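Enquirer: Below is the structure I would like to discuss, written out as structure tokens.
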Amino acid sequence: MAVNVLPPSIEQRMGAFNEVMRRAKLLKPDALPKPTITIAREFGCEAYPVAEELLALVKEKTGEEWVLVDKALLSAVAKDHRLSEEILHGLGQKPRWLDEMFSTLSSGWKSEAGYSELICNQIVNVAMAGNAIFVGLGAAIITKSLKNCHHFRLVADQEFKIRSISRRLGISRQETEMLIVERQKERDRILRVLLDADAHDPLYYHLIFNNTKVRTSKIARTIADFVFP
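Residue numbers (the numbering used here): 55 to 283.
Set out below in structure tokens:
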């Protein structure tokens, strides 16, 4: 059974990623950090359409390149040894709180042979560089101490999620219902085990949107206006 939800092309995003990283390295140490946006969502919400519309809006507002970051992009970056090394060594000085956070994370996080810490370092350093929109990855929780980050979450009723996933993946209603339950449980478990966190906690987010009642374009516009009033 197909389970991909058709995220934007990696090839289209790698160029933007390289440009954002290049500009970040040119910033003076005392320059104000560029903003970063995280979008968390319940499985079945339409985060990628929101992120793509938001990407166009923030590019227009800032006149600068932005990049949409998700697990697929970070995996592609990890295969580029030079670029991966640059990110993992940081574009600036690593914040002290990051080491403190690693020391207090759950045993599940530490038992992942360093992989989870590797991903966390990538997320933190890209977020510090700014001009990034994260979809998922627990980025809202991982970057909660970064003042340049703005956090948003999408929720929706079950019927909306069933229609959305069934349409995008071309699977039956019964398969969709099972997939939604399984994927949401797995996401919640991972965040609970690795970060000792509950992504459903509203206090992580600046705003939460009901994807059932608010159109994709309206969500994207509201986020853009919130970050750039």
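Cβ coordinates follow ideal geometry from the N, Cα and C atoms, glycine included. Here the structure is a predicted model, which means the values were calculated and not measured.
In three-state DSSP terms, what is Leu108?
Expert: Taking the sequence shown and counting its residues from 1, one reaches residue 108 at position 54. Three-state DSSP puts Leu108 in a helix.
Enquirer: Are three or more beta carbon pairs between the segment 200-214 and the segment 93-110 nearer than 8 angstroms?
Expert: Yes: at least three Cβ pairs fall under 8 angstroms.
Enquirer: Taking the straight line between their C-alpha atoms, what separation do you get for Glu100 and Gly190?
Expert: Translated into the one-based positions of the sequence shown, residue 100 becomes position 46. Translated into the one-based positions of the sequence shown, residue 190 becomes position 136. Cα to Cα, the separation comes out at about 12 angstroms.
Enquirer: By how many angstroms is the C-alpha of Ala130 removed from the C-alpha of Arg67?
Expert: Numbered from 1 along the sequence shown, position 13 holds the residue referred to as residue 67. Numbered from 1 along the sequence shown, position 76 holds the residue referred to as residue 130. Each residue's Cα considered, the two are about 10 angstroms apart.
Enquirer: Quick check on DSSP: helix, strand or coil for Ile262?
Expert: Taking the first residue of the sequence shown as position 1, residue 262 is located at position 208. DSSP places Ile262 in strand when its eight states are reduced to three.
Enquirer: By alpha-carbon positions, which one of Ala105, Arg246, Ala183 ends up nearest to Ala278?
Expert: In the sequence shown, counting from the first residue as 1, residue 278 sits at position 224. Taking only the C-alpha atoms, the option nearest Ala278 is Ala105.
Enquirer: Could you please give the first and the last residue of the uninterrupted beta strand (DSSP E) stretch that includes Val123?
Expert: For the purposes of this step, residue 123 is taken as the residue at position 69 of the sequence shown. Counting along the chain, the beta strand (DSSP E) containing Val123 begins and ends at 121-123.
Enquirer: Taking the continuous alpha helix (DSSP H) assigned at Leu80, which residues delimit it?
Expert: The residue labelled residue 80 in the question sits at position 26 within the sequence shown. Looking at the DSSP string, the run of the alpha helix (DSSP H) that includes Leu80 is 64-80.
Enquirer: Mind the definition here: the segment 223-242 touches the segment 69-86 only if three or more C-beta pairs lie below 8 angstroms; say whether that holds.
Expert: With a cut-off of 8 angstroms, the segment 69-86 and the segment 223-242 do not count as touching, because too few Cβ pairs lie within range.
Enquirer: Look at Val74 and Val121 and say whether their C-beta atoms are less than 7 angstroms apart.
Expert: Mapped onto the sequence shown, residue 74 falls at position 20. Mapped onto the sequence shown, residue 121 falls at position 67. Yes, Cβ-Cβ distance for Val74 and Val121 is below 7 angstroms.
Enquirer: With 16 as the cutoff for other CB atoms within 10 Å, does Leu257 come out buried or exposed?
Expert: Taking the first residue of the sequence shown as position 1, residue 257 is located at position 203. Leu257 comes out exposed.
Enquirer: Here's a check: name, in chain order, each residue in its chain whose Cβ is nearer than 7 angstroms to the Cβ of Ser218, leaving out the five neighbours to either side.
Expert: As a working mapping, residue 218 is identified with position 164 in the sequence shown. Result list for Ser218: Gly98, Glu100, in chain order.
Enquirer: At 4 residues or longer, and completely inside the segment 183-226: list those alpha helix (DSSP H) runs for me, N to C.
Expert: Listed in chain order, the complete alpha helix (DSSP H) runs (minimum 4 residues) inside the segment 183-226 are 193-196, 212-223.
Enquirer: Whose C-alpha, out of Arg243, Leu127, Asp211, is nearest the C-alpha of Asn264?
Expert: To locate residue 264, count along the sequence shown from 1; it is residue 210. Nearest of Arg243, Leu127, Asp211 to Asn264, Cα basis: Asp211.
Enquirer: Quick one: give me the first and last residue of the alpha helix (DSSP H) that Arg275 is part of.
Expert: Stepping through the sequence shown from its first residue, residue 275 is reached at position 221. Where Arg275 is concerned, the enclosing alpha helix (DSSP H) stretches over 270-281.
Enquirer: According to the Cβ coordinates, are Ala110 and Ile64 closer than 7 angstroms?
Expert: The residue labelled residue 110 in the question sits at position 56 within the sequence shown. The residue labelled residue 64 in the question sits at position 10 within the sequence shown. Taking 7 angstroms as the Cβ cut-off, Ala110 and Ile64 do not qualify as a contacting pair.
Enquirer: Look at the alpha carbon of Pro283 and the alpha carbon of Glu229, and state the distance between them as a whole number of angstroms.
Expert: By one-based count along the sequence shown, residue 283 stands at place 229. By one-based count along the sequence shown, residue 229 stands at place 175. Rounded to whole angstroms, Pro283 to Glu229 spans 42 angstroms at the Cα level.
Enquirer: Between the alpha carbons of Thr266 and Met182, how many angstroms are there, rounded?
Expert: Here residue 266 refers to the residue found at position 212 when the sequence shown is read from its first residue. Here residue 182 refers to the residue found at position 128 when the sequence shown is read from its first residue. One C-alpha to the other measures close to 32 angstroms.
Enquirer: Out of curiosity, what's the CA-to-CA distance linking Ala70 and Arg246?
Expert: Reading the sequence shown from its first residue, position 16 is the one you call residue 70. Reading the sequence shown from its first residue, position 192 is the one you call residue 246. In a straight line, the C-alpha of Ala70 is about 32 angstroms away from that of Arg246.
Enquirer: Report the CB separation of Ile195 from Ala253 in whole angstroms; it is logged as a contact under 8 angstroms.
Expert: For the purposes of this step, residue 195 is identified with residue 141 of the sequence shown, where counting begins at 1. For the purposes of this step, residue 253 is identified with residue 199 of the sequence shown, where counting begins at 1. Right, their Cβ atoms sit about 7 angstroms apart.
Enquirer: In angstroms with no decimal places, state the Cα-to-Cα distance between Ala132 and Cys174.
Expert: Locating residue 132 in the sequence shown gives position 78, counting from the first residue. Locating residue 174 in the sequence shown gives position 120, counting from the first residue. Distance between the alpha carbons of Ala132 and Cys174 is about 13 angstroms.
Enquirer: Please confirm whether Val235 and Ala186 have their CB atoms less than 7 angstroms apart.
Expert: Translated into the one-based positions of the sequence shown, residue 235 becomes position 181. Translated into the one-based positions of the sequence shown, residue 186 becomes position 132. Going by C-beta atoms, Val235 is not nearer than 7 angstroms to Ala186.
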